[in-house]
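S.K.:
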Amino acid sequence: MTVALTAITLREINLPLREPFTISSGTVSIRRILLLELECADGTRAWSECVADSDPNYSPETIDTCALAIREWVAPRVLGHEFAHPGDVHAALQHNFRGHNMAKAAVEMGCWALAATAQGESLAKLLGGTRKQIATGISLGIQESPAVLVEKARAALEQGYRKVKIKIRPGADLDYLQAVREALGPDAALMADANNAYSTDDFDLLAQLDELRLIMIEQPLAWDDIVQHAALQKRLSTPICLDESITDVTKAQDMITLGSGRIVNIKPGRVGGFTESKAIHDLCARHDIPVWCGGMLESGVGRAYNVALASLPNFTLPGDVSPSARYWEQDVVTPEWTMDQDGMVKVPTDAAGLGVSVDVDRIDDLAVSKQVLRS
Numbered sequence: 001m002t003v004a005l006t007a008i009t010l011r012e013i014n015l016p017l018r019e020p021f022t023i024s025s026g027t028v029s030i031r032r033i034l035l036l037e038l039e040c041a042d043g044t045r046a047w048s049e050c051v052a053d054s055d056p057n058y059s060p061e062t063i064d065t066c067a068l069a070i071r072e073w074v075a076p077r078v079l080g081h082e083f084a085h086p087g088d089v090h091a092a093l094q095h096n097f098r099g100h101n102m103a104k105a106a107v108e109m110g111c112w113a114l115a116a117t118a119q120g121e122s123l124a125k126l127l128g129g130t131r132k133q134i135a136t137g138i139s140l141g142i143q144e145s146p147a148v149l150v151e152k153a154r155a156a157l158e159q160g161y162r163k164v165k166i167k168i169r170p171g172a173d174l175d176y177l178q179a180v181r182e183a184l185g186p187d188a189a190l191m192a193d194a195n196n197a198y199s200t201d202d203f204d205l206l207a208q209l210d211e212l213r214l215i216m217i218e219q220p221l222a223w224d225d226i227v228q229h230a231a232l233q234k235r236l237s238t239p240i241c242l243d244e245s246i247t248d249v250t251k252a253q254d255m256i257t258l259g260s261g262r263i264v265n266i267k268p269g270r271v272g273g274f275t276e277s278k279a280i281h282d283l284c285a286r287h288d289i290p291v292w293c294g295g296m297l298e299s300g301v302g303r304a305y306n307v308a309l310a311s312l313p314n315f316t317l318p319g320d321v322s323p324s325a326r327y328w329e330q331d332v333v334t335p336e337w338t339m340d341q342d343g344m345v346k347v348p349t350d351a352a353g354l355g356v357s358v359d360v361d362r363i364d365d366l367a368v369s370k371q372v373l374r375s
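Heads up, the sequence shown is in my numbering, so the first residue is 1 and it goes up one at a time.
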C-alpha cells in the first residue's frame, strides 16, 4: 500500500452549470475547478479535485489560494517521500502547517485513490465502506418565489430524491419552507440550509421552523461558531446540523460536548481529507450522531470521493451526491454518475480506484491552465 508520489499536475477548468445555483452568499453559473493528476514512482496514476470556490465566501480558501498552497507547501511535503499507508499523509501535512484544509485534502485524498488503484481495489473498500449503494438528496438553490421552489421540490421527489435540501436566507425562508411543506405534505423529507446567514437576533424566527418538521436546519449561524449554535439548539426541537463549523475532529468533539448540534455534514475537502473525515465519522458513531456527505458543486471526479466516503456505515442520512446531469450538461468522467428511480447511487465497489474513468481529452479542452510539479 506504499504511496511514493513523483509528480502532481494541476489543471484548472471552467465547467458551466446547467442552471445558476444561488445560496445566501451568492450565485454560481460557471464553476472554476482545480483538478489534480497524481503519479507514483511505479507509474500508477489517479485524479483528485480541490473543492474550493472562486471566492472566500464558504471558507477562507479559494481555488487560487489552494493552487498556491499546493505548489508552495503541500507538494514539497509529499513529492519524493514514501508513505507506508495513505492515512500517513495527513500527519505529514499537519505538522507545523496550519489551515489550508482544501489544498491538503486534494492531495491527501488523491493518495488514497493511488493506493486503491495500485492494489486493484475500490476506494470505498479501502476506506472501510460497507454500502453498495447510497441514498441521494438534492440541494435546491434560493428561488425567485415560493411557487417556483414548490415546483422544483415536487419534481425532485418525483425523480426519486430521498431528501430535499432548501437553501434559505433572510427574506427567503419561512414563507418558502411553509409553501413547500403545505404543497408536498407532512411526510416529504425536507431540510433547510442557511449557510450561516442568520445571527442571534434571528432566534425567534428560526424557532418558528420547528412547526415545519424538518429533518434538520444546517449551519444557521456564523461559519466558525460552536457556542451560539448550542444556545439555539436548546431553543429548537429540530436538529441543528453543523457544516462549516466542523473543520476537524476536535471541533466535532466540541459540538458534542456543548450540544451545538445533533447531526454533522462531513465534507472531506473542508476537514483536510479522508483521514480526518474518518476520525469525525468514528467519533460521531460512538456518540450516536448521524452524519452525511455534503456537496461542493464537484465534477464527477470529486463526486467519486464523496460516494466512496458516504459508503461508510454511519453515513445514515441521504447525502448531496446528485447524479452528473443535475449540474452538468456533460461531466468529465465516464460513465457519468447516475441515480436510480429510488434515489440511490451505486457505489462502484467492483472497480479499482475511483470506479470511473477521467475524460482527459475533455479536461484538456476545458483547461485554462496547467502546471506540473515534480520531486
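Backbone N, C-alpha and C fix where the C-beta goes; we use that ideal spot for every residue, glycine too. This structure is a prediction, so every number in the text was calculated from the model and none was measured.
If we ignore side chains and look at the alpha-carbon of each, how far apart do Y327 and L17 end up?
M.R.: 5 Å
S.K.: Is it right to say R98 is buried, meaning 16 or more other beta carbons lie within 10 angstroms of its own, or is it exposed?
M.R.: exposed
S.K.: Helix, strand or coil, according to DSSP, for E121 in the structure here?
M.R.: coil
S.K.: Could you tell me which residues DSSP puts in a beta bridge with C50?
M.R.: L34
S.K.: Would you mind giving the Cβ-Cβ distance between G343 and Y161, rounded to the nearest angstrom? I have them listed as a contact below 8 Å.
M.R.: 5 Å
S.K.: In three-state terms, what does DSSP make of E39?
M.R.: strand
S.K.: Once DSSP output is grouped into helix, strand and coil, what is the label at S357?
M.R.: Three-state result, S357: strand.
S.K.: At the level of alpha carbons, what is the spacing between E218 and K165?
M.R.: 9 Å
S.K.: Round the Cβ separation of G300 and V332 to the nearest angstrom and send it over; I've been treating them as touching at under 8 Å.
M.R.: That pair is a contact at about 6 Å.
S.K.: Would you list the residues sitting across from G137 in a DSSP beta bridge?
M.R.: K163
S.K.: Could you compute how far the alpha carbon of D340 sits from the alpha carbon of G26?
M.R.: 31 Å
S.K.: Do you know whose CA, among P318, V356, H229, lies nearest E336's CA?
M.R.: Among P318, V356, H229, the Cα nearest to that of E336 belongs to V356.
S.K.: In whole angstroms, what is the alpha-carbon distance linking H229 and T257?
M.R.: 12 Å
S.K.: Using the C-alpha atoms, what's the distance from A124 back to K104?
M.R.: 20 Å
S.K.: Cα separation between L126 and L190?
M.R.: 32 Å
S.K.: Go ahead and pull the three-state DSSP assignment for N101.
M.R.: helix
S.K.: Straight-line CA distance for A116 to D361?
M.R.: 24 Å
S.K.: Given this structure, state the Cα-to-Cα distance separating Q371 from T6, to the nearest angstrom.
M.R.: 14 Å
S.K.: Taking the continuous alpha helix (DSSP H) assigned at F315, which residues delimit it?
M.R.: It is not in any alpha helix (DSSP H) - F315 carries neither H nor E in the DSSP assignment.
S.K.: Which partner residues of C241 appear in the DSSP bridge assignment?
M.R.: E218, I263
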